[in-house]
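Everything in the sequence shown is counted per the working numbering, starting at 57 for the first residue and increasing by one.
First up is the structure itself, then whatever we jot down about it.
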Amino acid sequence: MDSKTYQVAQLVSKYLQNNLSEDEMAALQQWLEESPKNEEVLASFRGRQSVSDMEFLNSIDVAAGWERLTMRNRKNRWKRIAKVTGIAAAIAVVAFSWARFSTKTTPELETASNNRYINDVAPGGDRALLRLSDGRLVDLEAYRSGLEERDGTQIINSGGQVTYAKGTTATGELIYNTLVVPKAGTFQITLSDGTKVWLNAMSELRFPVHFGQGSREVFLQGEAYFEVAHDAKKPFHVNVNGNKVEVLGTHFNINAYRDVMSATLVEGSVRVSNPTGERVLAPGQEAKVGEQITVQPANIDKAIAWKQGDFYFKRDNIDEIMGQLSRWYDVEVKYESAYPANKGYSGAIRRDVNISQVLEMLSYVSGAVFTIEGNTVTIAFE
57 MDSKTYQVAQ
67 LVSKYLQNNL
77 SEDEMAALQQ
87 WLEESPKNEE
97 VLASFRGRQS
107 VSDMEFLNSI
117 DVAAGWERLT
127 MRNRKNRWKR
137 IAKVTGIAAA
147 IAVVAFSWAR
157 FSTKTTPELE
167 TASNNRYIND
177 VAPGGDRALL
187 RLSDGRLVDL
197 EAYRSGLEER
207 DGTQIINSGG
217 QVTYAKGTTA
227 TGELIYNTLV
237 VPKAGTFQIT
247 LSDGTKVWLN
257 AMSELRFPVH
267 FGQGSREVFL
277 QGEAYFEVAH
287 DAKKPFHVNV
297 NGNKVEVLGT
307 HFNINAYRDV
317 MSATLVEGSV
327 RVSNPTGERV
337 LAPGQEAKVG
347 EQITVQPANI
357 DKAIAWKQGD
367 FYFKRDNIDE
377 IMGQLSRWYD
387 VEVKYESAYP
397 ANKGYSGAIR
407 RDVNISQVLE
417 MLSYVSGAVF
427 TIEGNTVTIA
437 FE
């Protein structure tokens, strides 16, 4: 599902539940005016009793979800919808795939769900630790007051982000801090040059309190999205496990959870290098960096979904998906049976829901059975 289809599908599903804001209603009206067919699509969904009973997912994959939707004894109910393709199919999946998991579920379904999700897990949030140059480790979730480094730099901590006051260029030894984001965490930092960085769960960024006379250099583990402040005289370098991304001023995402690092360029220009060579990326391209560097078209929506507060899976295998869930919900994952490593699953859902809702979506498109006990998610494929 592309970005616009996903957005329109969300608007329609909220419209059907009488839950649109004024701005959202205006956006929906603009879409309706684009084509007479759009009004026909919306009309085909009005008046369906089941809509008011559904409150589950924001979206699941059109192809996989629609196929399973039509397979599960809904042929009569969806006969009219099945004749429509494209955006209509997307909306159908978004608006109606929730049926089995609504707030008004039957006692049998509610009991089955409760049995499998004994201990549901809440989503992550803004949490991080800041390691100062003297070795102190400050919990930014608990410590809301301002901090000060030994060179007098003011560090402001507020609302899920920490900001380093702008100051003069460091002339002596660089003073380094490290922002540590644990499992179930995310955090934003503004460096002293104005560069903004968003860190995903299980990530670390080591950086100087003030940059020196030469290039600006930081060190990353995990995943982060950068909006680099432009400074032609001072290129910005991100070091990741022996690889380097060099920019002057641009927006890009780096994912280095696995052995192969990926750098996705949203705007501007970056040079990606490792010991074997280097490549320059244009906006909309992605570099995969292992022993070699390969460049391919990027799925920008997928690459930065985490920063926008979403999960976005696109032909990912179950192990890749569960890796994301493990980091965001701080859970362990156990497989009771072998999983189809070569089979990919697609879907999208907000990251601010409990893990059980994400697992229900995955169960719906994959056929897997998920169970939560304590802090462990167990997966079995039928």
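Just so you know, even glycine gets a beta-carbon here, dropped at the ideal spot from N, CA and C.
Within its own chain, the residues whose Cβ lies closer than 6 Å to the Cβ of Asn-309, once the five positions on either side in sequence are excluded, are Tyr-281, Thr-320, Ala-359, Ile-360, listed in chain order.
In the assembly as shown, Pro-264 is a buried residue. Its beta-carbon has 16 or more other beta-carbons within 10 Å.
In the three-state scheme derived from DSSP, where H, G and I count as helix and E and B as strand, Leu-415 is classed as helix.
When the Cα atoms are used, Gly-181 and Gly-241 turn out to be separated by approximately 5 Å.
The beta-carbon distance between Ile-435 and Ala-424, rounded to whole angstroms, is 5 Å. This is short enough to meet the 8 Å contact definition.
The beta carbon of Val-414 lies closer than 8 Å to those of Phe-367, Leu-381, Ile-405 in the same chain, with the five residues before and after it left out. Between Gly-268 and Leu-230, the alpha-carbon positions lie close to 7 Å from each other. When rounded, the separation of the alpha-carbon atoms in Gln-66 and Lys-370 is 18 Å. Beta-bridge partners assigned by DSSP to Arg-314: none are found. Here the C-alpha atom of Gln-244 lies approximately 32 Å from the C-alpha atom of Thr-332.
The beta carbon of Ile-377 sits closer than 6 Å to the beta carbons of Phe-369 from its chain, once the five residues preceding and following it are set aside; these are given in chain order.
Per the coordinates, the alpha-carbon of Phe-437 lies some 41 Å from the alpha-carbon of Thr-234. DSSP places Gly-379 inside the alpha helix (DSSP H), whose first and last residues are 374-385. In this structure, Ala-184 lies away from Leu-203, with their beta-carbon atoms at least 7 Å apart. Out of Phe-275, Gly-270, Arg-192, Arg-187, the CA that lies nearest to the CA of Val-253 is found in Phe-275. Beta-bridge analysis with DSSP links Gln-63 to no other residue. With respect to the 7 Å criterion, Tyr-220 and Leu-188 are not classified as neighbours on the basis of their beta carbons. Residue state for Lys-70 is assigned as helix, using DSSP reduced to three classes.
Under DSSP, Phe-308 forms a beta bridge with Phe-282, Leu-321. Following the DSSP letters along the chain, one finds Glu-78 inside the alpha helix (DSSP H) bounded by residues 78-90.
For the pair Val-345 and Asn-295, the CB atoms are not nearer than the 7 Å cut-off.
In this structure, DSSP gives Ile-211 an extended state, which the three-state scheme calls strand. Pairing Gly-365 with Ala-354 gives a Cβ-Cβ distance that is not under 7 Å. Scanning Asp-287, Tyr-232, Asn-398, Lys-290 for the CA closest to the CA of Arg-206 turns up Tyr-232. Ala-285 is a Cβ neighbour of Thr-251, given a cutoff of 7 Å. Where Ile-356 is concerned, the enclosing alpha helix (DSSP H) starts and stops at 356-359. Close CB contacts of Leu-193 within its chain, under the 7 Å cut and outside five residues either way in sequence, are with Leu-185, Arg-187 (chain order).
Across the structure, Phe-426 and Arg-172 are spaced so that their CA atoms are roughly 7 Å apart. The C-beta distance from Ile-374 to Ser-422 rounds to 7 Å, short enough to meet the 8 Å contact threshold. Taking 7 Å as the cut-off, the Cβ atoms of Gly-400 and Asp-357 do not count as close.
The beta carbon of Val-316 sits closer than 7 Å to the beta carbons of Lys-344, Val-345, Gly-346 from its chain, once the five residues preceding and following it are set aside; these are given in chain order. Using a Cβ distance threshold of 7 Å, Asp-408 and Pro-179 count as a contacting pair.
Ser-271 and His-293 do touch by the CB rule: their CB atoms are close to 6 Å apart, below 8 Å.
Within its own chain, the residues whose Cβ lies closer than 6 Å to the Cβ of Met-258, once the five positions on either side in sequence are excluded, are Lys-239, Gly-278, Arg-383, listed in chain order.
Val-328 and Val-301 have their alpha carbons spaced roughly 5 Å apart. Under the DSSP assignment, Thr-219 falls in the beta strand (DSSP E) whose first and last residues are 217-220.
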